[in-house]
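Residue 1278 is where the sequence shown starts when you use the numbering used here, and the numbers rise one by one after that. Heads up, the beta-carbon is just placed ideally off N, CA and C, and yes, glycines get one too. Note that the structure is a prediction, hence the values are computed from the model and not measured. The next block holds one structure in the form of structure tokens; read it before the comments.
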Amino acid sequence: MFTRLDGKDRHHLRPEINPVPEDGDGHGLQLEAVLNYKVTDFFNIGVGARYWRVASDGSAHFEDTPSNGSPQVDDWKAERYGMFVQASIKFD
């Protein structure tokens, strides 16, 4: 999975530097496993688990502010995981 960071950093107590643009590229993955049980020919139930992760290596561009700073390394990461249940009905 390809990820793209395109953000704006806002400092509410320092409005003279707002907004600071942030950008970068990264990667991610999603894994999922499901166990289904056929109750009848028309009804299934299941339980599963899912893991999701995205990460991006980028920069916060402080050179675009009035202080003329330099780019700052900006690494972002998000992870989610959990379990779920599902049911399905087949219509003929």
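Under 9 angstroms between C-beta atoms of residue i and residue j
| i | j | result |
| --- | --- | --- |
| Gly1301 | Val1311 | no |
| Val1331 | Met1278 | yes |
| Ser1333 | Glu1340 | no |
| His1288 | Val1297 | yes |
| Ala1364 | Phe1320 | yes |
| Glu1299 | Ser1336 | yes |
| Gly1303 | Thr1317 | no |
| Trp1329 | Arg1291 | no |
| Pro1325 | Met1360 | For the record, residue 1325 in the displayed sequence is Gly; it is not Pro. Yes, they are a contact pair. |
DSSP bridge partner residues for residue i (one or two, in chain order)
| i | result |
| --- | --- |
| Asp1334 | Asp1302 and Asp1352 |
| Lys1219 | Beyond the ends of the chain as shown, which are 1278 and 1369, falls residue 1219; an answer cannot be given. |
| Asp1286 | Val1297 |
| Glu1309 | Arg1327 |
| Asn1361 | Inspection of the sequence shows that residue 1361 is occupied by Phe rather than by Asn. According to DSSP, which records beta bridges pairwise, Phe1361 is partnered with Gly1325. |
| Phe1339 | Answer is none; Phe1339 lacks a bridge partner. |
| Arg1281 | Asp1302 |
**the region 1335-1353 contacting the region 1306-1320, beta-carbon criterion three pairs below 8 angstroms** = no
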